[in-house]
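For the first sequence, this note's numbering begins at 221 and goes up steadily by one. For every residue, glycine included, the Cβ atom is placed at its ideal position computed from N, Cα and C. Everything below concerns the one structure shown next.
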Amino acid sequence: MDELIREILARPEAGGEVTVRGWLRTARHAKKVSFLEVFDGSCMAGIQAVAGPECARFEDEVRGLGTGCAVEAVGELVDSPGQGQRFELHAREVRLVGGVDDDYPLQKKRHGFEFLRTIAHLRPRTNTLGAVLRVRDAASRAIDDFFHERGFVQLHSPVITLSDAEGAGDMFRVSTLDPSNPPRDDQGAVDYKQDFFEAPSYLTVSGQLEAEIGALALSRVYTFGPTFRAENSNTSRHLAEFWMVEPEVAFCEIEGLADLAEDFLKSVFRQVGEKCEDDLAFFDARIDDSVLSTLEHVIEQPFERITYTEAVEILEASGRKFEFPVSWGADLQSEHERFLTEEHFGKPLIVTGYPKGIKAFYMYCNDDDQTVAAMDVLVPRIGEIIGGSQREHRLDVLKRRIADQGLPEEEYWWYLDLRRFGSVPHAGFGLGFERLVQFMTGMANIRDVIPFPRVPGNASF
RNA sequence: UCCCCGGUAGCUCAGCUGGUAGAGCAUGCGGCUGUUAACCGCCUUGUCGUAGGUUCAAGUCCUACCCGGGGAGCCA
C-alpha cells in the first residue's frame, strides 16, 4: 500500500515521487493551474496537489474536478512556495477515481451538526467528524494500552443477558417470538419458554457483574464494549447504545480505585494528546477553546478528593441558590456537581462515601452503616464521567442489602456464590466512552462523537 | 417524560406592527499568471415542517400534530 498523507507530511524533507489517493476537500482553478486539496482521513491536514497544463488529462479532466471527487495524484513532492503548507505535490498525473453528482451535500463551508447527522454516511469526510473519529480511535487504543501495561486482562462480557441484575434502567428485549402472535401459557401470559433462550432476554446494561467474576479469578480485568439503555432520555449526554469501559480489580479497596481512576484519565489524556495533536488543536480553535487547557489540567493537576459529606458542607456554605435543595441523604444534582467541579475546585473531582440509601445494593457498606464506598469522578462541562465502587464482598451484608432493596435473592445465586467461595475485597468503575470523547474534544452533543448514534426515535444508518 | 426555543432554496440564515419570498455559499456557465473555506461576473433554485382555523389578505396570528435543538429528570 502507498503512504498515507499523514506519513508523507511527516517526512523530513521533500523530494521523490509520491502517490496520493483520497477525496477533494476543495479545488481551486486558476487560469493555468489547478490546486487540489486532497485528504485521505489519515490526519487533519490534506496535501495540495498542483496541476498545470503539463499534467496528464489537464484540460479534459482536472479542470472539472470539484469538492468530493475521489482522485489519485502522482507527482513529485516539493517544498511549497505558498503559505499554509510545508510540502505540495507537483502532479504529473491526476486520475479521477470516482466523480460526484452535482447534488453532493458537503460543501467547503461549515455545516450544522444537526444536518450532518442526517447524512451520517458522508459526515466522516468533514474535518470535525474525521477528527472525532481519530480521537475516538486513539482513546480506545490508549485505554487498552493503559490496562494491559498494568496487567489487566480484557474480558469479553456478553451483550445478551437474562436479567436486569443491576436494576439500572430499562432494557431492550431480545426475542425471536412473533410479536403479533406470541405463544401463550395456561395463564394467557407470553410463554418465554418457547423463546430462543427459553427465558425473557435483554441487551446488557452493564458488564459489571461479569467483570466481578473475571476479577475473582484473574485479579485484574476490564470490559470494553457496547451497552444498551432503553430509557427515553433526550439529552446531549445520552445514547441508547454506547460503549462502556469497566475495570474490576481484586484485592482493591476504594482508595485504590480512586487512584486507578485518576491514573487512568491522566494516562489516556496524555496518550491521546501526543497522538492527536493536530486534531485537538482543531477542536480548541473551532469547537471549544478550553480543550487544550482542559487536557493540560487533567494531565498535570492532582484531582481533588472529597467525601460526599464534605461536598454537602461545601454546597451548603456556598451561599448559592440551587434549584434543587442540598441536604445530606439526597443525591447530588447536575447543578451541584457542576458547581463543585467547575466553580469551587475548577478541576476534576473525586467524591466518595455516598449515603447507602441512594446507591446500588452491591456497594460496600462502610463501618458507619450510613454510607457506602461509592466513587464518582466529576469533570467540568460533562459532570459525572466515572462512577464506581468497592463491592460488598461479605456474604451476610450483601444478602441483607438485597433483602432491604426488595430484590429477588434467587436471581443473584451465582453473584452470592462468589462471596461463599474465596471472596476478597474488590472494586471497579464504569466509564461512558462517548462522554470521555466528548470531554476530550469539547463536542457539545454526544451524538456527534459516535459514528452511528442510536437515540429514542432514531436508529438510521 | 417535563420545560423553553426553533422548522423559509441543496447548505447557513434574514424576512419588523399580517399585504402574494430574499442574501451568502453550493451547483452550472464565463473570467482570473500560485491559490489557501481563493477571488470576480452571470444564471438557476422554494407545496415558507404537516393539517386545520381566523382574515379581503397568513412565512408572519391561533390550535393540533410531526421533527430538531437547549435545559431538566434518569444515568454512563
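Discussion item. If we require 4 or more residues per run, which alpha helix (DSSP H) segments fall completely within the region 331-419?
Written reply: 333-338 and 347-369
Fill in: Three-state class that DSSP yields for I507 in the structure shown
The answer is coil: DSSP assigns I507 none of H, G, I, E or B.
Worksheet entry | Own chain residues within Cβ distance below 8 Å of G476, not counting five before or after | V469 and A647
Worksheet item: For T246, does the three-state DSSP call read helix, strand or coil?
Response: strand
Worksheet item: Can you give, in chain order, each stretch of the beta strand (DSSP E) that sits fully within the region 523-558 and has at least 3 residues?
Response: 524-527
Practice prompt. Excluding the 5 residues preceding and the 5 following E612 in the sequence, name in chain order all residues of the same chain whose CB lies nearer than 7 Å to its CB.
Written response: Y582, M583, Y584, C585, L618 and R621
Discussion item. If you reduce the DSSP assignment to three classes, tell me which class D299 lands in.
Written reply: strand
Practice prompt. Please list, in chain order, all residues of the same chain as A269 whose beta carbon is under 6 Å from its beta carbon, the five residues on each side excluded.
Written response: L256, V258, A293, L309 and A311
Worksheet entry | Burial state of P273 (16 or more Cβ within 10 Å) | exposed
Practice prompt. Evaluate the contact criterion for the region 472-489 versus the region 518-534: three or more CB pairs, one atom per stretch, below 8 Å.
Written response: The region 472-489 makes contact with the region 518-534: 3 or more CB pairs, one atom from each, lie closer than 8 Å.
Worksheet item: Expressed to the nearest angstrom, what Euclidean distance is found between the alpha-carbon atoms of H331 and D616?
Response: 58 Å
Worksheet entry | Top-ranked residue by Cα proximity to G288, from D322, S300, G304 and V298 | For G288, the nearest C-alpha among the options comes from D322.
Practice prompt. Count the other CB atoms, across all protein chains shown, that sit within 10 Å of the CB of F335; report buried if there are 16 or more and exposed otherwise.
Written response: exposed
Worksheet item: Looking only at its own chain, which residues have a Cβ that is under 6 Å from the Cβ of L349, when we skip the five neighbours before and after it?
Response: R343
Worksheet entry | Completely contained alpha helix (DSSP H) runs for the region 582-629, where each covers 4 or more residues | For secondary structure counted as the alpha helix (DSSP H) over 4 or more consecutive residues, the region 582-629 holds these complete runs in sequence order: 615-624.
Worksheet entry | Contact the region 413-426 vs the region 632-645: 3+ CB pairs below 8 Å | no
Discussion item. Could you check whether R356 and V669 sit closer than 8 Å to each other, using their CB atoms as the reference points?
Written reply: yes
Fill in: Bridge-paired residues (DSSP) for T572
T527 and M595
Worksheet item: Would Q610 be called buried (16 or more neighbouring beta carbons within 10 Å of its own) or exposed?
Response: buried
Discussion item. My parser needs the beta strand (DSSP E) runs of 3 or more residues fully inside the region 252-287; what are they?
Written reply: 254-259 and 267-271
Worksheet item: At what residues does the beta strand (DSSP E) containing G235 begin and finish?
Response: Segment: none, G235 is in no beta strand (DSSP E) and carries neither H nor E.
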